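In my numbering, the protein residues as written are 1257 to 1510.
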């Protein structure tokens, strides 16, 4: 079995793959204070809980440099073989049409690789997290560039921080469009403003690039937005893990 780990700024997602595909998945908080031994214990406990194993190989993608060596050491203790730590500029079979390939987040490269492996391009991948990325994958499966916006929760925190009389609030779909109190108005503004931002960005990209670009949603906030945005063709919450697994296969065959 293969253990794929995607370290994000908020959560670390873990997936177990066998010959049939993804068989188990979970997420834990990306905690900078956890030690290698603590992460190792968490991984082993979750593997036991899901009845998954033994783990032969592991692949790691990270956008949190401080956690990369910690998780790499934990994976080395869990898997039979040393983990493959993916570098954006060293993924075979995909071109990154950007100024600095090494600065592209590994999660974005994994998303593009999953598109070419499982869906085929052209596509726009909207990944909702601490930041929301709109990655453009062309018909050849190469990454052409992106738009990066603040995530919904990031936007909400910035709004609260910028206003002396604006309280902290829970980001959720409001019961009504027009708020009748401060929190309701903030919820509506952030949620519906975000929905229309997403719809507008994808629509603008299709106007510029062509209507044939399918829109794929992924990330922690994707399910709640998809219905209201009414612009997505595919929802795949596991696309980054699938991309990392596919990259591992490609690197092993290289």
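Backbone N, C-alpha and C fix where the C-beta goes; we use that ideal spot for every residue, glycine too.
None of these values were measured; they are calculated from a predicted model.
{"Asked": "Measure the beta-carbon distance from residue 1296 to residue 1260 and round it to whole angstroms, keeping in mind my assumption that it falls under 8 Å.", "Found": "The pair is not a contact, with the Cβ atoms about 16 Å apart (cut-off 8 Å)."}
{"Asked": "The alpha helix (DSSP H) spanning residue 1416 covers which residue range?", "Found": "1408 to 1418"}
{"Asked": "With a cut-off of 8 Å, do at least 3 Cβ pairs link the segment 1399 to 1409 to the segment 1351 to 1371?", "Found": "yes"}
{"Asked": "According to DSSP, simplified to helix, strand and coil, what is residue 1511?", "Found": "Nothing can be reported for residue 1511: it is not among the residues displayed for the chain, which extend from 1257 to 1510."}
{"Asked": "Going along the chain, which residues of its own chain have a beta-carbon closer than 8 Å to the beta-carbon of residue 1432, five neighbours each way excluded?", "Found": "1440, 1444"}
{"Asked": "Between which two residues does the beta strand (DSSP E) holding residue 1474 run?", "Found": "1470 to 1475"}
{"Asked": "In three-state terms, what does DSSP make of residue 1431?", "Found": "coil"}
{"Asked": "Going by DSSP in three states, residue 1318 sits in which element: helix, strand or coil?", "Found": "strand"}
{"Asked": "On the DSSP bridge assignment, give the partners of residue 1300 in chain order.", "Found": "None, per the DSSP bridge assignment."}
{"Asked": "Leaving out the 5 sequence neighbours to the left and right, which residues in its chain are closer than 6 Å to residue 1442 when beta-carbon positions are compared?", "Found": "1425"}
{"Asked": "So what does DSSP say about residue 1331, is it helix, strand or coil?", "Found": "helix"}
{"Asked": "Ignore the nearest five residues each way along the sequence and tell me which others in residue 1366's own chain have a CB closer than 6 Å to its CB.", "Found": "1317, 1496, 1499, 1500"}
{"Asked": "Report back the beta-carbon spacing between residue 1416 and residue 1423 to the nearest angstrom; my notes put them in contact at under 8 Å.", "Found": "7 Å"}
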